[in-house]
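Engineer: Protein chains in written order, with the numbering used here: chain L, 8 to 349; chain U, 8 to 349; chain F, 8 to 349; chain S, 8 to 349.
Protein chains: 4
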Amino acid sequence: MIKVGIVGGTGYTGVELLRLLAAHPQVELQVITSRADAGMPVSQMFPSLRGYVDLPFTHPDQAHLAQCDLVFFATPNGIAMQQTRALLDAGVKVIDLAADFRIKDIAEWEKWYGMTHACPDLVGEAVYGLPEVNREQIKKARLVANPGCYPTAVQLGFIPLLEAGVIEAGSLIADAKSGVSGAGRKAEIATLFSEAADNFKAYGVPGHRHLPEIRQGLSRVHGKPVGLTFVPHLTPMIRGIHATLYGKLTREVDLQALFEQRYAGEPCVDVMPAGSHPETRSVRGANCCRIAVHRPQGGDTVVVLSVIDNLVKGAAGQAVQNMNIMCGLPESTAINNLPLLP
Amino acid sequence: MIKVGIVGGTGYTGVELLRLLAAHPQVELQVITSRADAGMPVSQMFPSLRGYVDLPFTHPDQAHLAQCDLVFFATPNGIAMQQTRALLDAGVKVIDLAADFRIKDIAEWEKWYGMTHACPDLVGEAVYGLPEVNREQIKKARLVANPGCYPTAVQLGFIPLLEAGVIEAGSLIADAKSGVSGAGRKAEIATLFSEAADNFKAYGVPGHRHLPEIRQGLSRVHGKPVGLTFVPHLTPMIRGIHATLYGKLTREVDLQALFEQRYAGEPCVDVMPAGSHPETRSVRGANCCRIAVHRPQGGDTVVVLSVIDNLVKGAAGQAVQNMNIMCGLPESTAINNLPLLP
Amino acid sequence: MIKVGIVGGTGYTGVELLRLLAAHPQVELQVITSRADAGMPVSQMFPSLRGYVDLPFTHPDQAHLAQCDLVFFATPNGIAMQQTRALLDAGVKVIDLAADFRIKDIAEWEKWYGMTHACPDLVGEAVYGLPEVNREQIKKARLVANPGCYPTAVQLGFIPLLEAGVIEAGSLIADAKSGVSGAGRKAEIATLFSEAADNFKAYGVPGHRHLPEIRQGLSRVHGKPVGLTFVPHLTPMIRGIHATLYGKLTREVDLQALFEQRYAGEPCVDVMPAGSHPETRSVRGANCCRIAVHRPQGGDTVVVLSVIDNLVKGAAGQAVQNMNIMCGLPESTAINNLPLLP
Amino acid sequence: MIKVGIVGGTGYTGVELLRLLAAHPQVELQVITSRADAGMPVSQMFPSLRGYVDLPFTHPDQAHLAQCDLVFFATPNGIAMQQTRALLDAGVKVIDLAADFRIKDIAEWEKWYGMTHACPDLVGEAVYGLPEVNREQIKKARLVANPGCYPTAVQLGFIPLLEAGVIEAGSLIADAKSGVSGAGRKAEIATLFSEAADNFKAYGVPGHRHLPEIRQGLSRVHGKPVGLTFVPHLTPMIRGIHATLYGKLTREVDLQALFEQRYAGEPCVDVMPAGSHPETRSVRGANCCRIAVHRPQGGDTVVVLSVIDNLVKGAAGQAVQNMNIMCGLPESTAINNLPLLP
């Protein structure tokens, strides 16, 4: 049994980790921390966990995280980088679901996140936890930077095209739409039901923190810098990301075969039949990215449709996938549940 | 392994049965019928099942249901009663998720459902599949009438009070609210998104088919006829029923203890702590009924709040629970997954 | 032209007042206050008002409210009672959309609202602004207490029955459902989209602040205290209240005629044809209460269905209706716009 | 007074026309046709119109449309082209809200709409009713082809850039998102609440009927054919279109000034301040297109955000705007109501 701790258990990625880990046959949940709600039973805040999670929230100072085998950080940005070194030194594996270890260029990270990084050397060690790209490194990693939600959906959609070198890498466009849970469980007016329901809007068009993360990932695949326009939108649903990706073809290629071959054998990526339009609900609650590729009107623009559940393949599910890989377990353990539809 | 067939697999109860049964370790799905969509892979209609269900829909005439151990009817009312006798004669167990076998009074059934019953004698044999009331009979049943969604939520909320004889049974009120999936997967204007979203309404106030079913169940518990006003409402969510139940107390009683004792040991009923307000999302996707009991302002009106997922404890989940009981399996097999929240 | 000021313009009742008053031909908007957002153009916070409202928010200290003819308070409870006396002394009429002047029993008010009342004598003078009951007093009023949203829907539904003396007044039940905007434009977790969407729950069952207000109104109509159980629920829509009301008939009566006669000539109450089920969207954005009355299965329980838009007839629209009456204008001025459907 | 008839009054554009025309001071509604619901009072189907529209639906054969001054067709594609010549011959002006007269290239129209056109010569006469482009021709028109919803949002966003010749016209991308009412009030499974809620998907990526309409409009502005990739999506809200438009800049230009100058004086287009993100709810129920223009990260990709209410500026509101222009009325009559927010 793997002894697991969760730092920051009161947000949506936290409760989603709990949902998945509570059903994981190889995991023993040791501790879940919350500074503000220490002492409260977890199932009081989240009645959906009644009967499955009996722990109370523990104050971080009493958490004894060093006794865990692996610790997840489901915290705001800037927390994990304060505590990771001590945990690694104590032999604990760490998966950070926030952004602290995602961007290799420290100056770039500090610009977008507005703080000084506490441990630049660990950024160098950290493995970016996209199993479809970095599975081998994840196996050996002590520290995994779990990808952001938009970056997961966008990278999985562009990677086959960039690896094959069949699109102009200088003018990629990612038009992405997210459910509201992506904004987290924070008391804010903009994500109130009465503000976000029956409404659709773009946000962060001048610049969004996931832009450098996506650009870094795609540039690594491409071998040199890519040009990317990334426009995120808020759509009135709870879970789900739909990325609509545009690229200009530079040579003829069988797009359907390209995608199917790239993801053959991948347990968490599903290339849909030609002509498909994946729906976000087809992955609701599941650790799956479904992708379809189109070439409208036979022109030279390729359109990729990529959907995930932002809280699962875009956060907690991918974190459990990474844990399974790091710990030598079957990769799909506890993340092979069926989507909830309708 | 239990060989299972599903008649009518294209509705919401059908796809929900598939979701649950595909993960059931003791079930081998043999056949799923659909007259209109015979030949189409199930996972083409429901991409959420890609990778889990490989069967196509089979035309009813080619279904060979008699080779199954157990058949679920997820059909409109009036279908199961045509086919059940032949299946029983062939040694097949039957669970009907529609209403054909729920009402013991044939004349009453024919009045509410507007057709002549095809096999009144089997109605007599059929066991009403509410395990919290009829578990012992279900164990021995060949034919189970799976309860309706509203009847499940309302009966589980009133039963402790009626069994204890602490409320006036002549003036019960059940104000119930259902998500839109309760209306089924049928092409109808009234349940279009643009009609049902951002809207709330009552319907069927003069009379709803679940009224006689609830009245029958409560009257059996009470030992004589009860008086019930039942008002269903449509609320803009996909899944969930919230029943708000009102009764007049006839004597002092510890309501919280009464409910906790009644449902102690029940795997699929959760009595919440005193003062709770159960939310429908706390049971989303789960085979669970959560109940809270209140006595507002210390008056003589008792208010019971009872929530279920109409497609799970209100339909497919309860059907699997009944199957487990009928087949001697652990009762919670494949229906103990965690609710999806948020 | 009537010079109008609004105190507290950043909440939902504030912006709804602006929507209605900006189109009022007899109103000149003088000032809208906001302590936190002073200086910001109103149309920057609410782009829907671009081109219609050119004012910025003004700090309360610079608002010169005494120069208005009439001031609306769209503030949290406890603000209007601090400022009303000075305004009345300066000859300004006041309409409070909060609860400061609604409850005549000061001790009762202080119990439910948890503060000491600043001007009990003005509570005595204030007229409860339900035009269908108090139109004549409103005409002469200096100070109007605008009713709550639930109280409007519930009282309008019960009043014909209580005035006619045809139901047991000791055991009234009001099961009410509200859209989320009723909770206001406040940064709170419980009303986030991801918490309130696709979910239904009761709240405040042990006691809700609108209970004493409804009880006071119904008791006045009845001539002596009534017994009322009031259960509010949160439903995933933005606007709308649906009250389902239950009473026990004490004698035979033509219910449809009773309701039609009571509200004949009322411009803002619509008694629907017998057998109707009013939908909240049928009054979306409109200052209208639609009512239907039923007697299910011919029993002795009467069921009244009453719908309003909580922000219009339940708040800002009713406030404008009261202003029109107080100022001698045609009662429907600027509040006779058509509902938005779908 | 203008005598107005509506052919096909039971869909969403029909009921929206009724909402707007019922409040139009210069319009006398003469007749509303419906083959299926002839005889039913309009306000029985749409209770929101109770008290505003007293007409019943009339069978087309009894409609006497030739006695109207102007007739709106709110019918499925292919109906207006059967009846328009007779009306024009009788001196009746016609506005078709469907697609019969939008595409000048008859062969192209017949390819996309799958039928033979009944009156190609009238297509030549018809004026495309986008007032921001064709106001002068609309003034003199007998027959107006009211634009589609997507085409309105997309064209208004691209026009300033194409007129100024500052973007590559060969690789335009329009990523558009629509509320579900755009699919009409038809009984279909795909637009049921339980299918479309809490879900997001693209559709029609290989080809959508609005593609040739947009391409025609933009090509006319550009002076030669443009290249356009158009990807529509379905988003879980009732009303609203959000078009996100991408183009490659070919020279330096002050984008904000360009848009502000192009639409200066336009009553129904609002260019938002630099840096804005227009929300669909900011135009809910209003005949307004709000636009913002961005140049993310200072690159050479321009991003335009354009929002409308698909039923108003995208259909019925624009039709009334066209009627006002055709009839010499102030252009904003009856379409200057404020948006409903929240």
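Heads up, the beta-carbon is just placed ideally off N, CA and C, and yes, glycines get one too.
All of these numbers come straight from a predicted model, not from anything done at the bench.
Could you give the C-beta distance for U:V78 and U:V14, rounded to a whole number, given that I count them as a contact under 8 Å?
Structural biologist: Residue mapping note: residue 78 of chain U aligns to position 71 of the second sequence, counting from 1. Residue mapping note: residue 14 of chain U aligns to position 7 of the second sequence, counting from 1. Contact flag correct, Cβ pair sits at about 6 Å.
Engineer: What whole-angstrom Cβ distance do S:P67 and S:V49 have, given they're in contact under 8 Å?
Structural biologist: For the purposes of this step, residue 67 of chain S is identified with residue 60 of the fourth sequence, where counting begins at 1. For the purposes of this step, residue 49 of chain S is identified with residue 42 of the fourth sequence, where counting begins at 1. The Cβ separation is near 15 Å, so there is no contact.
Engineer: Would L:V260 count as contacting chain U if we go by Cβ distances under 8 Å?
Structural biologist: Within the first sequence, residue 260 of chain L is the residue found at index 253, counting from 1. No, no contact with chain U.
Engineer: How should F:P219 be labelled, buried or exposed, when 16 other C-beta atoms within 10 angstroms of its C-beta is the threshold for buried?
Structural biologist: Counting from one through the third sequence, the residue named residue 219 of chain F turns up at place 212. The residue in question, F:P219, is buried, as its Cβ has 16 or more Cβ neighbours within 10 Å.
Engineer: Which residues bound the alpha helix (DSSP H) around U:R92?
Structural biologist: Stepping through the second sequence from its first residue, residue 92 of chain U is reached at position 85. Taken as a continuous stretch (DSSP letters only), the alpha helix (DSSP H) holding U:R92 covers 87-96.
Engineer: In its own chain, which residues sit with a C-beta less than 7 Å from the C-beta of S:G21, not counting the 5 before and 5 after it?
Structural biologist: For this step, residue 21 of chain S is matched to residue 14 along the fourth sequence. Around S:G21: I13, G15, A81.
Engineer: Evaluate contact between the segment 188-198 of chain S and the segment 219-238 of chain S, counting only Cβ atoms and requiring at least three cross-stretch pairs below 8 Å.
Structural biologist: No, they do not touch.
Engineer: For the beta strand (DSSP E) that U:Y255 lies in, which residues bound it at each end?
Structural biologist: Taking the first residue of the second sequence as 1, we reach residue 255 of chain U at position 248. In the sequence as presented, Tyr is not what sits at residue 255 of chain U; that position holds Lys. Start and end: 248-255.
Engineer: What span of residues does the alpha helix (DSSP H) with F:G224 cover, start to end?
Structural biologist: For the purposes of this step, residue 224 of chain F is taken as the residue at position 217 of the third sequence. Note, F:G224: alpha helix (DSSP H), 217-229.
Engineer: With 7 Å as the C-beta to C-beta threshold (strictly closer), list the residues of the segment 179-213 of chain F near chain L in chain order.
Structural biologist: Of all residues in the segment 179-213 of chain F, V187, S188, R192, A194, E195, I196, T198, L199, F200, S201, A203, A204, D205 have a Cβ within less than 7 Å of some Cβ in chain L.
Engineer: Residue range of the beta strand (DSSP E) that S:E35 falls in?
Structural biologist: Residue numbering aside, residue 35 of chain S sits at position 28 when the fourth sequence is read from its first letter. Here the beta strand (DSSP E) through S:E35 covers 34-40.
Engineer: Would you mind reading off the limits of the beta strand (DSSP E) that contains U:P138?
Structural biologist: Position 131 of the second sequence, counted from the first residue, corresponds to residue 138 of chain U. No beta strand (DSSP E) contains U:P138, which is instead part of the alpha helix (DSSP H) from 138-147.
Engineer: Between the C-alpha atoms of U:P127 and U:L150, what's the straight-line distance to the nearest angstrom?
Structural biologist: Within the second sequence, the letter at position 120 stands for residue 127 of chain U. Within the second sequence, the letter at position 143 stands for residue 150 of chain U. Rounded to the nearest angstrom, the two C-alpha atoms are 13 Å apart.
Engineer: Using a Cβ-Cβ cutoff of less than 7 Å, which residues in the same chain neighbour S:K100 once the five nearest sequence positions on both sides are dropped?
Structural biologist: Along the fourth sequence, read from residue 1 onward, the residue named residue 100 of chain S stands at position 93. The answer, listed in chain order, is D76, L77, R149, M333.
Engineer: Inspect the beta-carbon positions of F:I298 and F:F266 and report whether they are closer than 8 Å.
Structural biologist: Here residue 298 of chain F corresponds to residue number 291 of the third sequence, with the count starting at 1. Here residue 266 of chain F corresponds to residue number 259 of the third sequence, with the count starting at 1. Result yes, Cβ atoms of F:I298 and F:F266 sit closer than 8 Å.
Engineer: Quick one: which chain F residues come within Cβ less than 7 Å of S:V34?
Structural biologist: Residue mapping note: residue 34 of chain S aligns to position 27 of the fourth sequence, counting from 1. Going along chain F, no residue has its Cβ under 7 Å from S:V34, so there is no contact; the nearest lies around 14 Å.
Engineer: Verify the CB distance criterion: does L:P54 have a CB-CB separation below 8 Å to chain F?
Structural biologist: Within the first sequence, residue 54 of chain L is the residue found at index 47, counting from 1. No, no contact with chain F.
Engineer: Report the rounded CA-to-CA distance for L:Q263 versus L:V140, giving the unit in angstroms.
Structural biologist: Numbered from 1 along the first sequence, position 256 holds the residue referred to as residue 263 of chain L. Numbered from 1 along the first sequence, position 133 holds the residue referred to as residue 140 of chain L. If I take the Cα positions, the gap works out to 20 Å.
Engineer: Pull up the distance between the alpha-carbon of S:A93 and that of S:L36, whole angstroms please.
Structural biologist: Counting from one through the fourth sequence, the residue named residue 93 of chain S turns up at place 86. Counting from one through the fourth sequence, the residue named residue 36 of chain S turns up at place 29. Taking the straight line joining both Cα atoms gives about 20 Å.
Engineer: Out of U:G121, U:I110, U:G305, U:H240, state which residue places its alpha-carbon closest to the alpha-carbon of U:G224.
Structural biologist: Along the second sequence, read from residue 1 onward, the residue named residue 224 of chain U stands at position 217. Selected option, being the one with the closest Cα: U:I110.
Engineer: In the DSSP assignment, find the beta strand (DSSP E) that holds U:K100 and state where it starts and stops.
Structural biologist: In the second sequence, counting from the first residue as 1, residue 100 of chain U sits at position 93. First-last of the beta strand (DSSP E) with U:K100: 100-103.
Engineer: My parser needs the beta strand (DSSP E) runs of 3 or more residues fully inside the segment 276-326 of chain L; what are they?
Structural biologist: Runs found: 276-278, 296-301, 308-315.
Engineer: If we ignore side chains and look at the alpha-carbon of each, how far apart do S:D205 and F:V134 end up?
Structural biologist: Here residue 205 of chain S is taken as the residue at index 198 of the fourth sequence, counted from 1. Here residue 134 of chain F is taken as the residue at index 127 of the third sequence, counted from 1. If I take the Cα positions, the gap works out to 45 Å.
Engineer: Count Cβ pairs between the segment 278-288 of chain S and the segment 198-214 of chain L that sit closer than 8 Å; are there 3 or more?
Structural biologist: Judged by Cβ distances under 8 Å, the segment 278-288 of chain S makes contact with the segment 198-214 of chain L, as three or more pairs qualify.
Engineer: For L:S41 and L:Q90, what's the separation of their Cα atoms in angstroms?
Structural biologist: Translated into positions along the first sequence, residue 41 of chain L becomes position 34. Translated into positions along the first sequence, residue 90 of chain L becomes position 83. Their Cα atoms are separated by approximately 15 Å.
Engineer: Less than 8 Å between CB atoms is the rule here; does S:N329 satisfy it with respect to chain F?
Structural biologist: Looking up residue 329 of chain S in the fourth sequence gives position 322. No, because no Cβ of chain F sits closer than 8 Å to the Cβ of S:N329.
Engineer: Given that a residue counts as buried once 16 or more other Cβ atoms are within 10 Å of its Cβ, and exposed if not, what is S:K184?
Structural biologist: On the fourth sequence, residue 184 of chain S is found 177 positions in, with the first residue counted as 1. Buried is the call here.
Engineer: Helix, strand or coil: which one does DSSP assign to S:M182?
Structural biologist: Indexing the fourth sequence from 1 puts residue 182 of chain S at position 175. What sits at residue 182 of chain S in the sequence shown is Asp, not Met. In this structure, S:D182 counts as strand in the three-state DSSP scheme.
Engineer: Quick one: give me the first and last residue of the alpha helix (DSSP H) that F:F200 is part of.
Structural biologist: Residue 200 of chain F sits at position 193 when you count from the first residue of the third sequence. Taken as a continuous stretch (DSSP letters only), the alpha helix (DSSP H) holding F:F200 covers 200-203.
Engineer: When you compare the CB of L:P127 with every CB in chain F, is at least one pair closer than 8 Å?
Structural biologist: Your numbering for residue 127 of chain L matches position 120 in the first sequence. No, its Cβ sits nowhere closer than 8 Å to a Cβ of chain F.
Engineer: Considering only the alpha carbon of each residue, which of F:D182, F:E23, F:V319, F:V228 lies closest to F:V276?
Structural biologist: The count along the third sequence starts at 1 and reaches residue 276 of chain F at position 269. Taking only the C-alpha atoms, the option nearest F:V276 is F:V319.
Engineer: How long is the line joining the alpha carbons of F:L256 and F:T308, rounded to whole angstroms?
Structural biologist: Here residue 256 of chain F refers to the residue found at position 249 when the third sequence is read from its first residue. Here residue 308 of chain F refers to the residue found at position 301 when the third sequence is read from its first residue. Rounded to whole angstroms, F:L256 to F:T308 spans 6 Å at the Cα level.
Engineer: Could you give the residue range of the beta strand (DSSP E) that holds L:T159?
Structural biologist: Counted from its first residue, the first sequence places residue 159 of chain L at position 152. Careful: L:T159 lies outside any beta strand (DSSP E), inside the alpha helix (DSSP H) at 156-171.
Engineer: Under the assumption that L:L119 contacts L:R227 (Cβ atoms under 8 Å), give the Cβ distance between them as a whole number of angstroms.
Structural biologist: Counted from its first residue, the first sequence places residue 119 of chain L at position 112. Counted from its first residue, the first sequence places residue 227 of chain L at position 220. The displayed chain sequence assigns Trp, not Leu, to residue 119 of chain L. Actually they are not in contact, since the Cβ atoms of L:W119 and L:R227 sit about 18 Å apart, beyond 8 Å.
Engineer: Report the CB separation of U:N331 from U:E338 in whole angstroms; it is logged as a contact under 8 Å.
Structural biologist: The residue given as residue 331 of chain U occupies position 324 in the second sequence. The residue given as residue 338 of chain U occupies position 331 in the second sequence. Between U:E338 and U:N331 the Cβ distance is about 5 Å, and since that is below 8 Å, they are a contact.
Engineer: Just to confirm the assignment, what range does the alpha helix (DSSP H) spanning L:I245 have?
Structural biologist: Within the first sequence, numbered from 1, the residue matching residue 245 of chain L stands at position 238. Segment: none, L:I245 is in no alpha helix (DSSP H) and carries neither H nor E.
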